[in-house]
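Q: I'd like to ask you about the structure that follows.
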Amino acid sequence: MIELRDLQVRFAGTDAVRGFTVDVAADEWVMLIGPNGAGKTSVLRALCGLIPFGGDASVDGRDVRTLKRRELARLIAFVPQSPVMPPELTVAEYTLLGRTPHLGHLAVEGRRDRQAVARALERLDLLPFAERGLGSLSGGELQRVVLARALAQDAPILLLDEPTTSLDLGRQQQVLELIDALRAEGLTVLSTMHDLTLAGQYADRLVLLDRGAAVAEGVPREVLSTANLSAYYGADVRVVHDDDGVYVLPQRR
Amino acid sequence: MAALEAEAAVRARGVSRPWRLLAGAFLVGALLVGLGVGPVGIGAGAIAESALAHVPFLHVHNPLSRLDDAVLWQIRAPRVVLAAIVGGMLAVAGSSYQGVFHNPLADPYLLGVAAGSGLGATLAIAYGHVGRTGWLLPLASFVGGLAAVAGTYVLGRSAGTARAAASLVLAGVTVTLFLTAVQTFVQQQHSNTLRDVYSWILGGFSTASWGQVAVAAPYVAVSSVAIVLHRRLLDVLSVGDEEASSLGVDVPRLRLLLVIAATAGTAAAVAMSGLIAFVGIIVPHTIRLLVSTSYRAVVPLSLVVGAGFLVLADVLARTVISPAELPIGVVTAFFGAPFFAIVLRTSR
Numbered sequence: 097m098i099e100l101r102d103l104q105v106r107f108a109g110t111d112a113v114r115g116f117t118v119d120v121a122a123d124e125w126v127m128l129i130g131p132n133g134a135g136k137t138s139v140l141r142a143l144c145g146l147i148p149f150g151g152d153a154s155v156d157g158r159d160v161r162t163l164k165r166r167e168l169a170r171l172i173a174f175v176p177q178s179p180v181m182p183p184e185l186t187v188a189e190y191t192l193l194g195r196t197p198h199l200g201h202l203a204v205e206g207r208r209d210r211q212a213v214a215r216a217l218e219r220l221d222l223l224p225f226a227e228r229g230l231g232s233l234s235g236g237e238l239q240r241v242v243l244a245r246a247l248a249q250d251a252p253i254l255l256l257d258e259p260t261t262s263l264d265l266g267r268q269q270q271v272l273e274l275i276d277a278l279r280a281e282g283l284t285v286l287s288t289m290h291d292l293t294l295a296g297q298y299a300d301r302l303v304l305l306d307r308g309a310a311v312a313e314g315v316p317r318e319v320l321s322t323a324n325l326s327a328y329y330g331a332d333v334r335v336v337h338d339d340d341g342v343y344v345l346p347q348r349r
Numbered sequence: 037m038a039a040l041e042a043e044a045a046v047r048a049r050g051v052s053r054p055w056r057l058l059a060g061a062f063l064v065g066a067l068l069v070g071l072g073v074g075p076v077g078i079g080a081g082a083i084a085e086s087a088l089a090h091v092p093f094l095h096v097h098n099p100l101s102r103l104d105d106a107v108l109w110q111i112r113a114p115r116v117v118l119a120a121i122v123g124g125m126l127a128v129a130g131s132s133y134q135g136v137f138h139n140p141l142a143d144p145y146l147l148g149v150a151a152g153s154g155l156g157a158t159l160a161i162a163y164g165h166v167g168r169t170g171w172l173l174p175l176a177s178f179v180g181g182l183a184a185v186a187g188t189y190v191l192g193r194s195a196g197t198a199r200a201a202a203s204l205v206l207a208g209v210t211v212t213l214f215l216t217a218v219q220t221f222v223q224q225q226h227s228n229t230l231r232d233v234y235s236w237i238l239g240g241f242s243t244a245s246w247g248q249v250a251v252a253a254p255y256v257a258v259s260s261v262a263i264v265l266h267r268r269l270l271d272v273l274s275v276g277d278e279e280a281s282s283l284g285v286d287v288p289r290l291r292l293l294l295v296i297a298a299t300a301g302t303a304a305a306v307a308m309s310g311l312i313a314f315v316g317i318i319v320p321h322t323i324r325l326l327v328s329t330s331y332r333a334v335v336p337l338s339l340v341v342g343a344g345f346l347v348l349a350d351v352l353a354r355t356v357i358s359p360a361e362l363p364i365g366v367v368t369a370f371f372g373a374p375f376f377a378i379v380l381r382t383s384r
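Residue numbers (the working numbering), protein chains in the order written: chain P, 97 to 349; chain C, 37 to 384.
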């Protein structure tokens, strides 16, 4: 579904991404992990055409560079780490923005768009909030609203940049469970992730980035090794495996 | 059934019916006040009957004397209509600049557009021998306005994005001061041909004619319709350039289009009425406070309320120290500057 080949991103003279390659299959959830500044966010931003890049990026077999903005937005829904959420917009109005790629330049939303938004809000238990202002919602509710906007976009691919930062433990789990459940409806997910234990629990596959390049790739129990985490994070950790997954526990030096 | 209910909960607040009626009533009321108030007072009924009397084949008796009729239709009516056109345009242009620059303080005057348009028009009069009601005047004005807003934007961006709202306005003030200096230089150099330019630059409708209305109207109509049609996309821009892009919007193209539309309309308005500040701030922000912050409400209501607002401001300008007249820019600044202070305090 997503193919990145030898991706290069340069920022103000430094290489943020250097020759990054990954394939994400349909309905798969791949997470990018790595220390701060490893280039995880740059990979996502390049893929949705927000920053110039070298190498090849294609989605559903189509070169990202040859797609128009609108076409790309119908294939990829992007949720940035700190989305701008104008406090005075209502939940319904904000979610309707997700319909933009399906609307003509000067068109206004029609019945189908309202239905798509109603479905997205219902899916995320947000219908009772439809007419509430974003300013009156909590962090966890806001995160759900952003996801609702992305769902309303009706794109087969969802890119999430740190979807759980600023959420408490319970909300983190809720959001990740929700995303996992959405995949059952045919959604391919590529996300970045700070929390390694949660990454180990939810990802099908992990890609560890360091200084702009992939240094390890595979299922969580392969990638999340004490050796990898010590080498690339400079962290002392204990990694515990059980039937349900992998747990990364920081240890005091 | 549940699906239908869910769908009903999903709506974008546009302009609700009561607000639509209220805004319409405000404009009609302002027009009647504008037409009726003056050295010769004319009632609303008489205005309506006289208007009908001018419609052929209706055979309505005109209640006004020949002189009063001329005062009403040849002096006051073009003045009131021109004020309405200019007011609506400046307000809708202000709302558009606020949206594309993500800046609550943007206003045609503060961005330097008005000064650039004024200078463009002055140069055309001074060197191009274009008349005050010439068709070319708005064009010269447009070129000046566009150059000014481009200068302001580039200067504001180069000054840093930390206090983006403030730096854009400071850049606008800088551009305005520079252009005003050039303006004054050209004026002094051509003091004989530009005698009336000074009073025009202060802003006013005292020389309004149907000819001016005819020159300004097409520009204003095209610009304001273009901006009103983009009201939904202005809402999309409110999530920032990057997210708007990821939603499929070609942000640079949209910004260029809206800036050109707002500047063309502002230029035509400035060419006819001089520099009038703060309409583009007072009107959209009042609507944000009272109705909704969505551009779906702010843009269309700004057009209607802005028109009524400037007609009333013009009534004040010509009656407060009657028989003398105040420049209308003085009236709008008198109300606008304190209002601007409030917006400045509430916007972070």
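Each residue gets a CB set at the ideal place from its N, CA and C atoms; glycine is no exception. Quick caveat, the model's predicted, so the values are computed rather than measured.
Report the residues of the region 341-366 of chain C with a CB closer than 8 Å to any CB of chain P, ordered along the chain.
A: none
Q: For a test of the three-state rule: what should DSSP assign to His337 of chain P, helix, strand or coil?
A: Strand at His337 of chain P.
Q: Helix, strand or coil, according to DSSP, for Leu100 of chain P in the structure here?
A: It is a strand residue.
Q: Measuring only the C-alpha atoms, how far is Leu325 of chain C from Val319 of chain C?
A: Their Cα atoms are separated by approximately 10 Å.
Q: Using a cut-off of 9 Å between C-beta atoms, extract the partners of Gly200 of chain P located in chain C.
A: Near Gly200 of chain P there are no residues of chain C at all, since even the closest Cβ is about 10 Å away, more than 9 Å.
Q: Where does Asp306 of chain P fall in DSSP's three states?
A: strand
Q: Three-state secondary structure (DSSP) at Ala82 of chain C?
A: helix
Q: Return the residue from the list C:Ala45, C:Val341, C:Arg47 that minimises the CA-CA distance to Leu57 of chain C.
A: C:Val341
Q: Taking the alpha-carbon of Met127 of chain P as reference, which of P:Ala169, P:Thr284, P:Leu302, P:Gln347 has the nearest alpha-carbon?
A: The shortest Cα separation from Met127 of chain P among P:Ala169, P:Thr284, P:Leu302, P:Gln347 belongs to P:Leu302.
Q: Quick check: is the beta carbon of Val379 of chain C nearer than 8 Å to any beta carbon in chain P?
A: no
Q: With DSSP run on the structure shown, which of helix, strand or coil describes Met181 of chain P?
A: coil
Q: Compare the C-alpha of Ala303 of chain C against each of C:Pro140, C:Leu265, C:Ala183 and name the closest.
A: C:Ala183
Q: Using DSSP bridges, identify the partner residues of Val69 of chain C.
A: Per DSSP, none; premise fails for Val69 of chain C.
Q: Would you give the residue range spanned by the beta strand (DSSP E) that Met127 of chain P belongs to?
A: 125-129
Q: In or out: Glu184 of chain P buried (at least 16 other Cβ within 10 Å) or exposed?
A: exposed
Q: Taking the C-alpha atoms as reference points, what is the distance between Pro374 of chain C and Gly365 of chain C?
A: 14 Å
Q: Given Val242 of chain P, which residues of its chain have a CB within under 7 Å of its CB, disregarding the five upstream and five downstream residues?
A: Val175, Pro179
Q: On the premise that Gly316 of chain C lies in contact with Tyr145 of chain C, defined as a C-beta separation below 8 Å, what is that separation, rounded to the nearest angstrom?
A: 7 Å
Q: Going by Cα to Cα distance, which pick from P:Ala134, P:Leu143, P:Arg210 is closest to Val187 of chain P?
A: P:Arg210
Q: Of the choices P:Arg240, P:Ala331, P:Arg158, P:Asp123, whose alpha-carbon is the least far from that of Asp221 of chain P?
A: P:Arg240
Q: Could you give the DSSP three-state label for Val118 of chain P: helix, strand or coil?
A: strand
Q: 8 Å is my cut-off, CB to CB: does His165 of chain C come that close to chain P?
A: no
Q: If we ignore side chains and look at the alpha-carbon of each, how far apart do Phe314 of chain C and Thr137 of chain P end up?
A: 42 Å
Q: For Val155 of chain P, which residues in chain C fall below 9 Å Cβ to Cβ?
A: Residues of chain C passing the Cβ test: none, with the nearest at roughly 13 Å.
Q: Between Leu263 of chain P and the rest of its own chain, which residues show a CB-CB distance below 7 Å, the 5 nearest in sequence each way excluded?
A: Gly235, Gly236, Gln239, Val271
Q: If I'm right that Glu254 of chain P touches Ala173 of chain P with Cβ under 8 Å, what's the distance once you round it to whole angstroms?
A: At residue 254 of chain P the sequence reads Leu, which differs from the Glu that was named. That belief holds up - the Cβ atoms of Leu254 of chain P and Ala173 of chain P are roughly 5 Å apart, short of 8 Å.
Q: Measure the alpha-carbon distance for Glu205 of chain P versus Gly284 of chain C and round it to whole angstroms.
A: 15 Å
Q: Can you tell me whether Ala153 of chain P is helix, strand or coil according to DSSP?
A: Strand, per DSSP.
Q: Quick one: Cα of Met37 of chain C to Cα of Arg166 of chain P, how far?
A: Its pLDDT being 45, under 50, Met37 of chain C is placed unreliably in this model, and the value from its coordinates should be taken loosely. So the two alpha carbons sit approximately 33 Å from each other.
Q: Does any residue of chain P bring its CB to less than 8 Å from the CB of Asp286 of chain C?
A: Yes, contact with chain P.
Q: Distance, Cα to Cα, Val367 of chain C vs Ser154 of chain P?
A: 59 Å
Q: Rounded to whole angstroms, what is the Cα-Cα separation between Val107 of chain C and Arg195 of chain P?
A: Going from the Cα of Val107 of chain C to the Cα of Arg195 of chain P covers about 53 Å.
Q: If you scan the region 335-384 of chain C from start to end, which runs of the alpha helix (DSSP H) of 4 or more residues do you find wholly inside it?
A: 364-382
Q: So, are the CB atoms of Leu247 of chain P and Arg219 of chain P less than 8 Å apart?
A: yes
Q: What are the residues of the region 319-334 of chain C that lie near chain P, defined by any Cβ-Cβ distance shorter than 9 Å?
A: Arg324, Ser328, Thr329, Ser330, Arg332
Q: Which two residues bound the contiguous alpha helix (DSSP H) that contains Val116 of chain C?
A: Note, Val116 of chain C: alpha helix (DSSP H), 113-136.
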